[in-house]
Amino acid sequence: MKKFRDRLGAMKAELEALSRATAETRKPVTLDQQAVGRVSRMDALQGQAMQVETESRRRRELVRIEAALARMEEDEYGVCVACGEEIDPRRLDHDPAAAVCIDCAGK
426 MKKFRDRLGA MKAELEALSR ATAETRKPVT LDQQAVGRVS RMDALQGQAM QVETESRRRR
486 ELVRIEAALA RMEEDEYGVC VACGEEIDPR RLDHDPAAAV CIDCAGK
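Laid out in structure tokens, this is it:
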């Protein structure tokens, strides 16, 4: 259990650090035609949109990690939230935030 808690904590810390490091790139793009040309603005808008989507994925992963940590606190970690069966430890090795067993994930 400690191994999974440590991995989840490290994953959470990494995602939070990435979020802080990329905060500036997610800010709205200034559309000042005097400062940059049209193509440069389009590139900046595309880059900003990609960073916003990446942040959205990061947030979803953080929710999964926090849910796994909460299941640990409730002594429910490693039990499928859908069927109640034990999640194969190999699945948890691959994805420590997994909430469902492989059978339920395939449904």
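Residue 532 is where the sequence shown ends in this note's numbering, and the numbering goes up by one at each step.
Just so it is clear, CB atoms sit at the ideal spot from N, CA and C, and this is done for glycine as well.
For residue i, which residues in the same chain have their Cβ closer than 7 Å to its Cβ, ignoring the five residues on either side in sequence?
| i | result |
| --- | --- |
| Val506 | Ala524, Val525 |
| Met475 | none |
| Arg496 | Tyr502 |
Alpha carbon to alpha carbon, how far is residue i from residue j?
| i | j | result |
| --- | --- | --- |
| Arg516 | Gln473 | 34 Å |
| Arg481 | Arg466 | In the sequence under discussion, the amino acid at residue 481 is Ser, which differs from the Arg named in the question. Ser481 and Arg466: Cα-Cα distance of roughly 23 Å. |
| Tyr502 | Leu440 | 21 Å |
| Glu498 | Asp468 | 45 Å |
| Lys428 | Val454 | 42 Å |
| Asp520 | Gln471 | 31 Å |
| Ala522 | Ile490 | 5 Å |
| Thr479 | Met426 | 30 Å |
| Ala438 | Asp528 | 30 Å |
| Ile512 | Asp518 | 10 Å |
| Glu425 | Leu487 | Because the chain spans 426 through 532 in this model, residue 425 falls outside it and cannot be assessed. |
| Asp500 | Pro514 | 15 Å |
| Ala492 | Ala530 | 17 Å |
Between which residues of its own chain and residue i is the CB-CB distance below 6 Å, once the five residues before and five after are set aside?
| i | result |
| --- | --- |
| Ser444 | Arg483 |
Identify every residue that forms a DSSP beta bridge with residue i.
| i | result |
| --- | --- |
| Glu511 | Val504 |
Starting from the C-beta of residue i, find all residues in its chain whose C-beta is less than 8 Å away, skip the five residues before and the five after it, and write them out in chain order.
| i | result |
| --- | --- |
| Arg451 | Gln473, Gln476, Val477, Glu480 |
| Val504 | Arg496, Glu510, Glu511, Ile512 |
| Arg432 | Pro521 |
| Arg430 | Leu494, Met497 |
Next on the checklist: If we require 3 or more residues per run, which beta strand (DSSP E) segments fall completely within the stretch 442-507?
Outcome noted: List check, beta strand (DSSP E) in window: nothing returned.
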